[in-house]
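Below is one structure, written out as structure tokens; the observations come after it.
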Amino acid sequence: MLFWISRLFCLAAISTVRSQNIGSPVLDLGYAKYKGTYNESLHVNTFYGLRYAQPPTGKLRWRAPQPIERSNNTHVEVIDATRPGPSCVQGNPFWTIPGGSQTPLPPAGSEDCLRLDIVQPANLDNQTKLPVLVQIHGGGYTLGDSKFVPGYALVNHSDNALIFISIQYRLGAYGFLYSEEIAADGGTNAGLLDQRLALDWVQRHASSIGGDPAAITIYGGSAGGGSVTSQMIMYGGVEKPPFRAAIAEYPWWQPYLSEEQLLRQYGYLLRETACENLQCLRVLDAAKLANASQATYIKAYVDEAYGYGSFYYGPYVDKRVIKDLPSKEFKAGHFTKIPLLLDRDQYEGYAFSNQSITTLSQETGDLRVLYPYADEKFIDELYKLYPASDFNSTFFQRQAWFGDAFINCPTYYIGSSMASAGQTVYKMVFNAGSQLHAATGPFLFSLDYATSPGANVTTANIMKDWFLSFVIYLDPAWNSWSGIRKPFWGVYQYPGSNNARVMSVNYTEIGMVDEKYYDRTKRCDFLWEHGTVVQNKI
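The sequence shown maps to residues -19 to -1, 1 to 519 in mature numbering (1 follows the signal peptide of the UniProt record, and there is no 0).
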């Protein structure tokens, strides 16, 4: 929940390679020209809402996205890109609705949302090839947009040596619906396909915006971090993806729904729309479909089809785009082999745990909803690993196993799997700021962080140095824009080598520590061993 509550609003800006007027930069992509805005204080230009795909409406609903260049629309006039474009249709899980109202909220957003924003240094020449950082926003796969986390602080900290792009993708029922009809006549995991097409667009047009098509890094936090890992295992892990490196912050691995659960989900949407098939859904009025999609969150939660902290919709195993559960794919080495920076915060389960749960029986009931395939043996063993005596309340017991299962332990699975395959991995545990989900956000993305109460500017500068150095040089220790001396951040190595060390950041110390103090534990080993339960039986 915090990753949309704590959205950081900063000043905007970006540029173009072929800008004729610094006050009104124009970006020429060949098939279209876009007019952006210039920010004098940051010396950057901003271009908002550039389409990378055709609007996924009507017959294109629940199909793979179609490249915008195939739309056969030649734009002679310059398109206005000075204002933010529409977000994708949003979806609010029941537990996020204030007061828990069972009346569906009028959903915000539009289907015509497959767009991206660009932030780029001004006055670049035609020979410039800057590294490109592409953000996949978070929001549980049901909320969020390209304005979720602005990139101006990073571009500014880099001395304008970076291009920042933020993409949007179909959310909720629009991006992650499944049925036999969609599998046969559509695009399964359409939201992930949107992300991949946007990355392809960036690689194709990087040179036109002053970027290096061979130096693209994908970035995401929460569901954006989960999306990054999905891009890495997509199609079983391709050899030449449209990116050379990745940053996955607190990657969100909520349980994948089984086919039985996915079909039940599809049934909710059919009933709410009074449709009988996919053909009907594709011709449905946009407002009616949006209202019906929101109603599915309410109905499914009341029916205990999903639990507190889960967003209900999200990626699933379709045997094609996502061939198997992420825990299995990483363990089997079925991922794209690229450098990875990985982190998580200290109390990841806090924002996703129900504070009204006060008894063990309530917690167990909650657990059964989240993990419907869990048997008594699994539940008993889980409580042995997370004994009530270790926590001062049922709430904190729940936040501990929830945070481990959804985020903390996945960072261990990803890091150890990649390191054992000989890949370069850098891992961090962040225990500063709020210490909660998305705690790193203000340190990385706030332009005016120094004016915030209790701000630790030194830590913020160190964090930006590390992340930018990884994006530009593939090594967080390579460069320091702030000039601050900091502990060396070494490569994460496979746990069996006794060198599985992670960067630990807290209020008083920053330095490398052994992974055993964080995620190389019996708890994570148990959850990984029972991945088909934790990520749902497929």
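Beta carbons: idealized from backbone N, C-alpha and C, even for Gly. Computed from a prediction, not measured in an experiment: that's the story for all the values here.
The DSSP assignment places no complete run of the beta strand (DSSP E) inside the region 379 to 408 (cut-off: 3 residues). Put simply, the region 377 to 391 touches the region 337 to 347. At least three CB pairs are less than 8 Å apart. When rounded, the separation of the alpha-carbon atoms in W43 and S433 is 43 Å.
Judged by DSSP secondary structure, Q184 falls within the alpha helix (DSSP H) whose first and last residues are 171 to 186. In its chain, beyond the 5 residues on either side, S308, F311, W509 have a beta carbon closer than 6 Å to the beta carbon of Y394. Take S211, set aside five residues on each side of it, and the residues of its chain with a beta-carbon closer than 6 Å to its own are L173, P296, in chain order.
Straight across, the Cα-Cα distance linking L10 with I491 is about 44 Å. For the alpha helix (DSSP H) assignment, the uninterrupted runs of no fewer than 4 residues enclosed by the region 102 to 150 are, from N- to C-terminal side, 133 to 138. Per DSSP, N272 is not a residue of any beta strand (DSSP E); the alpha helix (DSSP H) it occupies stretches across 267 to 283. Here DSSP, grouped into helix, strand and coil, assigns A441 to helix.
Counting only runs of 3+ residues, the beta strand (DSSP E) found wholly inside the region 311 to 382 occupies 321 to 326, in chain order. Excluding its 5 nearest sequence neighbours in each direction, N104 has no C-beta neighbour in its own chain below 6 Å.
Taking Q184 as the centre and dropping the five residues before and after it, the same chain places the C-beta of P194, I197, P223 closer than 7 Å to its C-beta, in chain order. In the structure shown, C94 falls within a coil segment according to DSSP collapsed to helix, strand and coil.
At the C-beta level, W462 and D140 come within 8 Å of one another. As summarised for the region 189 to 240, the continuous beta strand (DSSP E) elements at least 3 residues long and confined to that stretch are 192 to 202, 226 to 230, given in chain order.
Distance from the CA of T254 to the CA of L262, rounded to the nearest whole angstrom, comes to 8 Å. The beta carbon of P65 lies closer than 7 Å to those of Y29, G30, K128 in the same chain, with the five residues before and after it left out. As a beta-bridge residue in DSSP terms, L8 pairs with Y15. Buried is the label assigned to G290, since at least 16 other Cβ atoms lie within 10 Å of its Cβ.
In this structure, L322 is the residue among Y367, E241, V264, L322 with its C-alpha nearest to the C-alpha of A227. Collapsing the DSSP output to three states places V514 in a helix. Distance from V130 to H138 at the Cβ level is roughly 14 Å; contact not present, criterion being Cβ atoms closer than 8 Å. For R263, the enclosing alpha helix (DSSP H) begins and ends at 259 to 263. A check of alpha carbon separations from A441 across A134, L178, L341, A355 identifies A134 as the nearest. V452 sits in a helix when the DSSP states are folded into three classes. DSSP places Y488 in the coil class of the three-state scheme, outside both helix and strand.
Using a 10 angstroms sphere on the CB of Q327, the tally of other CB atoms reaches 16 or more, which defines it as buried. When the beta-carbon positions are compared, V70 and S52 stay at least 8 Å from each other. For V486, the CB contacts under 6 Å within the same chain, skipping 5 residues up- and downstream, are F411, A413 in chain order. The secondary-structure analysis by DSSP pairs T27 across a beta bridge with V100. Counted as a single uninterrupted DSSP element, the alpha helix (DSSP H) harbouring I163 occupies residues 161 to 165. Taking 8 Å as the cut-off, the beta carbon of V515 is found no closer than this to the beta carbon of M409.
Closest in alpha carbon position to E285, among D361, N437, Y249, T109, is Y249. In the structure shown, L508 falls within a helical segment according to DSSP collapsed to helix, strand and coil.
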